[in-house]
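According to UniProt numbering, numbering within the sequence shown proceeds without interruption in unit steps and concludes at 1092.
Notes follow once the structure below has been shown.
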Amino acid sequence: IWYSSASSSCNRCIAWHCAPRSLLPAEAMKFNARSMMRLRNMSTTRVLRKPSQVEDIDQQIRAAADQLASLRKARAAQVKATQQAKSQDGTLTNFLLHEQQRQAQGGAETGRTLLTSLSSLTSMSEPMEGMAVQQAIRAWDGCTATSHVAYALSDDAFIFPITPSSPMAEICEAWSVAGVKNAFGSALNVQQLQSEAGAAGALHGSVAAGGLATTFTSSQGLLLMIPNMYKIAGELMPCVIHVAARALAGEALSIFGDHQDVMAARACGWGMISSQSVQDCQDLALVAHIATLKARVPIMHFSDGFRTSHEINTISTLTSEQMRELVDLDALRQHRQRGLSPLTPTVRGSNQNPDVYMQALESANVYYDRLPGVIEEAMQLVGEFTGRPLTLFRYAGHEEPEHLVIQMGSAAKVTESVVPQLQKDGHKVGVLSPMLFRPWPAEQFLQHIPASVKTISILDRTKEHGSYREPLFLDVAATLQADPRFAGIQLLGGRYGLGSKEYTPGMAITVFENAMGARRDRFTVGINDDVTFMSLPPPKADDSAVPDSTTQCVFFGLAGDGTVGANKNAVKIIGDNSSLKAQAYFAYSSVKAGTPTVSHMRFGPEDVEAPYLTLPDSASYVACSFTGHVNSLDMLQLVKPNSGTFVLNCPWSTSESLEANLPNAVKKQIAKKNVAFYTIDASRVAQDSGLGKLTNNVMQTAFFNLSNVLPVEQAMAYFQGAIQKTYKKHGDLVIQKNLQAVENAMANLIKVEYPKEAWANLPDEQLPEAAKYEGHADAFIQQVQGPMVMLRGDEIPVSHFPVGGVTPMGLSNNEKKTQAGEVPEVDMDKCTQCNYCSYVCPHAVIRPFLIDQNTYDQAPPSLEARKATSSEQAGYYYRIQVSAADCTGCEVCVKTCPDDALRMVPQEETIELKFEEHWNFLRALPVPEDLMKRTTVKGSQMQQPLLEFSAACAGCGETPYVKLLTQMFGDRMVIANATGCSSIWGNPYGSAPYSARDSDGRGPAWHNSLFEDNAEFGFGMAQNSLSRRMRLRGSVGELLKSEECDLVPELRARLKQWHETWMSASSCSKMQDILPNMLDAAREKGASGFAF
1 IWYSSASSSC NRCIAWHCAP RSLLPAEAMK FNARSMMRLR NMSTTRVLRK
51 PSQVEDIDQQ IRAAADQLAS LRKARAAQVK ATQQAKSQDG TLTNFLLHEQ
101 QRQAQGGAET GRTLLTSLSS LTSMSEPMEG MAVQQAIRAW DGCTATSHVA
151 YALSDDAFIF PITPSSPMAE ICEAWSVAGV KNAFGSALNV QQLQSEAGAA
201 GALHGSVAAG GLATTFTSSQ GLLLMIPNMY KIAGELMPCV IHVAARALAG
251 EALSIFGDHQ DVMAARACGW GMISSQSVQD CQDLALVAHI ATLKARVPIM
301 HFSDGFRTSH EINTISTLTS EQMRELVDLD ALRQHRQRGL SPLTPTVRGS
351 NQNPDVYMQA LESANVYYDR LPGVIEEAMQ LVGEFTGRPL TLFRYAGHEE
401 PEHLVIQMGS AAKVTESVVP QLQKDGHKVG VLSPMLFRPW PAEQFLQHIP
451 ASVKTISILD RTKEHGSYRE PLFLDVAATL QADPRFAGIQ LLGGRYGLGS
501 KEYTPGMAIT VFENAMGARR DRFTVGINDD VTFMSLPPPK ADDSAVPDST
551 TQCVFFGLAG DGTVGANKNA VKIIGDNSSL KAQAYFAYSS VKAGTPTVSH
601 MRFGPEDVEA PYLTLPDSAS YVACSFTGHV NSLDMLQLVK PNSGTFVLNC
651 PWSTSESLEA NLPNAVKKQI AKKNVAFYTI DASRVAQDSG LGKLTNNVMQ
701 TAFFNLSNVL PVEQAMAYFQ GAIQKTYKKH GDLVIQKNLQ AVENAMANLI
751 KVEYPKEAWA NLPDEQLPEA AKYEGHADAF IQQVQGPMVM LRGDEIPVSH
801 FPVGGVTPMG LSNNEKKTQA GEVPEVDMDK CTQCNYCSYV CPHAVIRPFL
851 IDQNTYDQAP PSLEARKATS SEQAGYYYRI QVSAADCTGC EVCVKTCPDD
901 ALRMVPQEET IELKFEEHWN FLRALPVPED LMKRTTVKGS QMQQPLLEFS
951 AACAGCGETP YVKLLTQMFG DRMVIANATG CSSIWGNPYG SAPYSARDSD
1001 GRGPAWHNSL FEDNAEFGFG MAQNSLSRRM RLRGSVGELL KSEECDLVPE
1051 LRARLKQWHE TWMSASSCSK MQDILPNMLD AAREKGASGF AF
């Protein structure tokens, strides 16, 4: 041990090296203090020297460590777990409440999902029987389970947020800020960098210095880390990257899960461990951290993004102290000693020439050869410690299978679920799941392939354009080819689940049926490929993975309304106060607001490992918090016949109003399925209770009353207790309002006694939203946008999609979501025609219109307008109009109006006021574009906005600026948009809000590349435009020397004018409408020099 007694940093180094990892924090502090005091006494100068009594000190250190370790083992594990949970509860409560509030304001791409922690969504119960150590039972999502291990076993975490890995970084940061201690008695050092590339560079530096470092990432974020990943692996530095595996941005961005990102990084030299479940996220993350130290090879631990990272499930958790017991302290000390230090200087990262590079590279082979064995040992260690066996491969099925499926990730659980039934039917089938993908454990793999196997279907959750096959298939094929014993096996390769595409038990059955029948190779699962015809037949309905004792519940909400967060709290309440097992998954679009969210929850006495959405006819309880969904979503298809319950938030409290407003398709399904139908006017209850628009607790009251997951009295007592705890910091008044809302909700929950026979015999009709899109002149709108709006996008065949990621413009204009409870109405007598309301509107739903006298005479009689006050608008009438169906109800315009000319009115009142008729009439009128200057507030708003009705959050602060840019420059605008909030609302597939100008079809051309390169992306666009225009100017200059310019009158003068003013926007705008026709006329007269 080299040290300097005068160096505080060196003292910290000594304490870190010498403290036994088995000590409790307090004991370790005392031990470190004694050690440092003893070492300080050995030297009084700054001269670096080696102590002469190191061996004696080492012996004392070991003796003290052994003594304290034996004392520690005497402590009861359950006491430790309880104390830890209690301590962490107190330090994190305030932060987590803040995060819960953020969820209702954030969207998927921001990573603002409900932050869970050691105490969030937690249920404590008796330890599981048969376990080697006692463990707490907690309802966690995959991100929390992973973060729990990464935090406990790391010194440093270098982060940069990217969905869906962001919660892992946020959780670690929250715990660090709260001072939660890791397994070594200190808070994790969490640093946010400028990009994923920066995080990877810092990760490299930390491990080079001898640190235990980690990071979290997904998708393109992982790709940005690849250069450093090669370096870290090449230098044999132990560390772990945790990946929520996600699709890569190619023809479009997708925030959802598959294996494209991890497969793109498979050649970097990192070990790759795959988790299938939330429980695996803890256990295999622990394996990764243990094994990387011992093997000196960095490891990438990944789980399926969203499907596993965001699924909540009840798992058995270890404490930090328990995890510390599994760390190889000798390997840790060796890693510390290899760290860069001027006390033991070394140099790394040389440059090599052809004579030695290859040999040096090959010298690392031995480490990779033994890595599978090291990981297998770590799996055995963790498995024995937890009582949950872990192996390099998991197998489920017949002892002598004839048809085998090989699959990684969460979907393997789905395939496993259909095996028992297939075996009952006499089929010898099995599922083999690799937990370790790199290095590929070929020897262990062959041990799992019995001689009985006839076919192996390899399913990859990735796509590699141009490759003969996908990665898992290639590894399996290469391994089998090397052994002649398996020459007779037929290999069948398929793709599934890209971008979180659903993979259900029925789809798994089709894979086995293909192997037992047609044996089609190179297939896809879960889509209708009517272009290359690679897809297997549609699946049969099958819910094998869900135990019969499980209650399935589904909530339909609206993005940004807080429904998802409320349902996560419901899972927490049930998990905290019962022995029930829980599984919850929340399906939502990447779009920020106004799109449907669907919460899928399962509760029961048995473990639930069913990583797919609720299937038709399976849900005992279905609720809808947004009334408008009854017109567009087939929610009743999920309700279980004869025993299911459907709860609708709506203002229709009488049978007459239900008859008048409920679509016939909904009535017929309710009656035919014999559904218990309830209504509640949650919006009115919330208003009367003083909660404004917050209806979540009202709808949760209905859930606890009707779902029968827990006894009603017990559930309501727990719910009210949770309300008091949640809103404690907001004061008694807020608590009382929420408790009053619960009481009012129970009083206003109405069971509908509907005319069963009459409703059941209604004629077959489609939902109103379907009728709106059916037969639309635009094929994309009819075949793609319509089904997507109705959450039927999975049914769209491949042939309906344009290639290259191009979509039509202005699609948001078709949706008319009618999501606002109240919208603004103008008082034209108070309006001073300033246009401020239109100027600040985030969604372009309130606009000024000019109407000439003849048009005004033909306007609807109810349409009020006033004479325009501006001199430039003389002879016109002026009107401010709102599109009620597109408004989000943010009230920004009402609060901005300087003349108090706007007021909010209920959506129902807009029907009487004929908002829709007025809007349609005014919107069809031509826009007088040249009456006023675009560079003034009032004049800019007289231009057609070319960004309208986006899915940005209500009151968004970004969209008014971009909308203004389109009004000022939209006819000559090219946009290079960085990935982030503005790209999500800027071009959600099938709902593009950018549009073309009515008068000439011109508008902003928009493109998104990546998160970090929009400046360079836009620079490339600008440079190409400039170079082509410069070449054009040169060609025009040559043309002006030709007599052909005189074939058409004024052509020479116009060309000369453009040549001289080619950098003038106004001049070019005029010339672009004149010159093309003149050049065509010259060509028709025989000109030959115009082909430039």
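Even glycine gets a Cβ: it sits at the ideal position worked out from N, Cα and C.
All figures in this text were calculated on a predicted structure; none of them were measured in a lab.
Worksheet item: Ala104 by DSSP, collapsed to three states: which one?
Response: Here residue 104 refers to the residue found at position 104 of the sequence shown. Low per-residue confidence applies at Ala104: pLDDT is 38, beneath 50, and the placement is therefore not dependable, though the value from the model is reported in the following sentence. Three-state result, Ala104: coil.
Discussion item. Quick check: Pro808 and Asn631, are their CB atoms within less than 7 Å of each other?
Written reply: In the sequence shown, counting from the first residue as 1, residue 808 sits at position 808. In the sequence shown, counting from the first residue as 1, residue 631 sits at position 631. No.
Worksheet item: In or out: His600 buried (at least 16 other Cβ within 10 Å) or exposed?
Response: Residue numbering aside, residue 600 sits at position 600 when the sequence shown is read from its first letter. His600 is buried by the Cβ-count criterion.
Worksheet entry | For Leu863 and His918, the rounded distance between their alpha carbons | Indexing the sequence shown from 1 puts residue 918 at position 918. Indexing the sequence shown from 1 puts residue 863 at position 863. Rounded to whole angstroms, the separation of the alpha carbons of Leu863 and His918 is 6 Å.
Practice prompt. Please determine if the segment 539-557 and the segment 610-627 are in contact, where contact requires at least 3 C-beta pairs separated by less than 8 Å.
Written response: yes
Practice prompt. May I have the straight-line CA-CA distance separating Ser333 from Lys572, to the nearest angstrom?
Written response: Locating residue 333 in the sequence shown gives position 333, counting from the first residue. Locating residue 572 in the sequence shown gives position 572, counting from the first residue. Here residue 333 turns out to be Arg, not Ser, going by the sequence shown. Looking at the two C-alpha atoms, the distance is approximately 41 Å.
Worksheet item: Going by DSSP, what residues sit across from Ile137 in a beta bridge?
Response: Residue 137 sits at position 137 when you count from the first residue of the sequence shown. Its beta-bridge partners are Ser316.
Worksheet item: Nearest CA to the CA of Asn987: which residue from Gln700, Gly805, Glu822?
Response: Sequence index remark: in the sequence shown, residue 987 carries index 987 (1-based). Closest by alpha carbon: Gly805.
Worksheet entry | Same chain, Cβ closer than 8 Å to Tyr989, five either side skipped, listed in chain order | As a working note, residue 989 is residue 989 in the sequence shown. So the qualifying residues of the chain are Ala252, Met788, Thr807.
Worksheet entry | Endpoints, beta strand (DSSP E) assigned at Gln873 | Residue mapping note: residue 873 aligns to position 873 of the sequence shown, counting from 1. Careful: Gln873 lies outside any beta strand (DSSP E) and carries neither H nor E.
Fill in: Enclosing beta strand (DSSP E) for Ser599 [first to last residue]
By one-based count along the sequence shown, residue 599 stands at place 599. First-last of the beta strand (DSSP E) with Ser599: 596-604.
Worksheet item: alpha helix (DSSP H) containing Asn835: first to last residue?
Response: Counting from 1 along the sequence shown, the entry for residue 835 is found at position 835. Element bounds for Asn835: n/a, residue is neither H nor E.
Worksheet item: What residue from Pro164, Ser341, Gly339, Met168 has the CA that sits closest to Ala145's CA?
Response: Here the question's residue 145 lines up with position 145 in the sequence shown. Cα-wise, what sits closest to Ala145 is Met168.
Worksheet item: What three-state label does DSSP hand Lys1041 in the structure shown?
Response: Reading the sequence shown from its first residue, position 1041 is the one you call residue 1041. Residue state, collapsed to three classes: coil.
Item to complete: Would you check if there are 3 or more beta carbon pairs closer than 8 Å linking the segment 565-581 to the segment 519-532?
Response: no
Worksheet entry | the segment 949-967 contacting the segment 848-861, beta-carbon criterion three pairs below 8 Å | no
Practice prompt. Could you check what DSSP says for Glu825 in three-state terms: helix, strand or coil?
Written response: What you label residue 825 is simply residue 825 of the sequence shown in a count that begins at 1. Strand.
Worksheet item: With respect to the alpha helix (DSSP H) encompassing Asp576, which residues constitute its N-terminal and C-terminal limits?
Response: Here the question's residue 576 lines up with position 576 in the sequence shown. In this chain, the alpha helix (DSSP H) harbouring Asp576 covers 563-576.
Worksheet item: Gly373 lies in the alpha helix (DSSP H); which residues open and close that run?
Response: In the sequence shown, residue 373 corresponds to position 373, counting from 1. That run of the alpha helix (DSSP H) goes 365-386.
Fill in: Closer than 6 Å: Val297 CB and nearest the ligand MN heavy atom
Among the ligands in the structure shown, none appear at all, so the ligand MN cannot be discussed.
Discussion item. Could you tell me the alpha carbon to alpha carbon distance between Ile781 and Ala364, rounded to whole angstroms?
Written reply: By one-based count along the sequence shown, residue 781 stands at place 781. By one-based count along the sequence shown, residue 364 stands at place 364. Cα-Cα distance, rounded: 56 Å.
Worksheet item: Start and end of the alpha helix (DSSP H) containing Gly990?
Response: The residue given as residue 990 occupies position 990 in the sequence shown. That residue, Gly990, is in no alpha helix (DSSP H); it is neither H nor E in DSSP.
Discussion item. I need the DSSP call for Asp852, collapsed to helix, strand or coil.
Written reply: Here residue 852 corresponds to residue number 852 of the sequence shown, with the count starting at 1. Reduced to three states, the DSSP call for Asp852 is strand.
Worksheet item: Less than 7 Å separating the beta-carbons of Ile299 and Val240?
Response: Counting from one through the sequence shown, the residue named residue 299 turns up at place 299. Counting from one through the sequence shown, the residue named residue 240 turns up at place 240. The answer is yes: Cβ separation under 7 Å.
Worksheet item: How close, in whole Å, do the beta carbons of Ser655 and Ile750 come, if the pair is a contact with beta carbons under 8 Å?
Response: Within the sequence shown, the letter at position 655 stands for residue 655. Within the sequence shown, the letter at position 750 stands for residue 750. Rounded, the Cβ-Cβ distance is 10 Å, inconsistent with contact.
Worksheet item: In whole angstroms, what is the alpha-carbon distance linking Gln1057 and Gly1003?
Response: For the purposes of this step, residue 1057 is taken as residue 1057 along the sequence shown, with counting starting at 1. For the purposes of this step, residue 1003 is taken as residue 1003 along the sequence shown, with counting starting at 1. Rounded to whole angstroms, Gln1057 to Gly1003 spans 25 Å at the Cα level.
Worksheet item: Which class does Pro1076 belong to by DSSP, given the choice of helix, strand or coil?
Response: Looking up residue 1076 in the sequence shown gives position 1076. Three-state DSSP puts Pro1076 in a helix.
Worksheet item: If you draw a straight line from the alpha carbon of His629 to that of Val927, how long is it in whole angstroms?
Response: As a first step, residue 629 is located in the sequence shown; it is residue number 629 there, counting from the start. As a first step, residue 927 is located in the sequence shown; it is residue number 927 there, counting from the start. Straight-line Cα distance between these residues: approximately 34 Å.
Fill in: Delimiting residues of the beta strand (DSSP E) encompassing Ser683
The count along the sequence shown starts at 1 and reaches residue 683 at position 683. Segment 682-688 is the alpha helix (DSSP H) holding Ser683; no beta strand (DSSP E) there.
Discussion item. Give me, in chain order, the residues of the same chain whose beta-carbon lies closer than 6 Å to that of Val675; leave out the 5 immediate sequence neighbours on both sides.
Written reply: Along the sequence shown, one-based indexing puts residue 675 at 675. Cβ neighbours of Val675 beyond the five flanking positions: Val639, Gly644, Phe646.
Worksheet item: The beta strand (DSSP E) spanning His1007 covers which residue range?
Response: What you label residue 1007 is simply residue 1007 of the sequence shown in a count that begins at 1. Its beta strand (DSSP E) spans residues 1005-1008.
Discussion item. Applying the 10 Å Cβ sphere with the 16-neighbour rule, what's the burial state of Val845?
Written reply: Within the sequence shown, residue 845 is the residue found at index 845, counting from 1. Val845 comes out buried.
Worksheet entry | Distance, Gly497 Cα to Leu248 Cα | If you number the sequence shown from 1, residue 248 lands on position 248. If you number the sequence shown from 1, residue 497 lands on position 497. Their Cα atoms are separated by approximately 13 Å.
Worksheet item: Looking at Pro505 and Ser433, is the spacing between their C-beta atoms short of 7 Å?
Response: The residue you call residue 433 lines up with position 433 of the sequence shown. The residue you call residue 505 lines up with position 505 of the sequence shown. In this structure, Pro505 does not lie closer than 7 Å to Ser433 by Cβ.
Discussion item. For the alpha helix (DSSP H) containing Gln337, name the first residue and the last one.
Written reply: The residue given as residue 337 occupies position 337 in the sequence shown. Where Gln337 is concerned, the enclosing alpha helix (DSSP H) starts and stops at 329-338.
Worksheet item: Since Gly371 and Ala295 are thought to touch, with beta carbons under 8 Å apart, how far apart are those beta carbons, to the nearest angstrom?
Response: To locate residue 371, count along the sequence shown from 1; it is residue 371. To locate residue 295, count along the sequence shown from 1; it is residue 295. In the sequence under discussion, the amino acid at residue 371 is Leu, which differs from the Gly named in the question. About 5 Å; that satisfies the 8 Å criterion.
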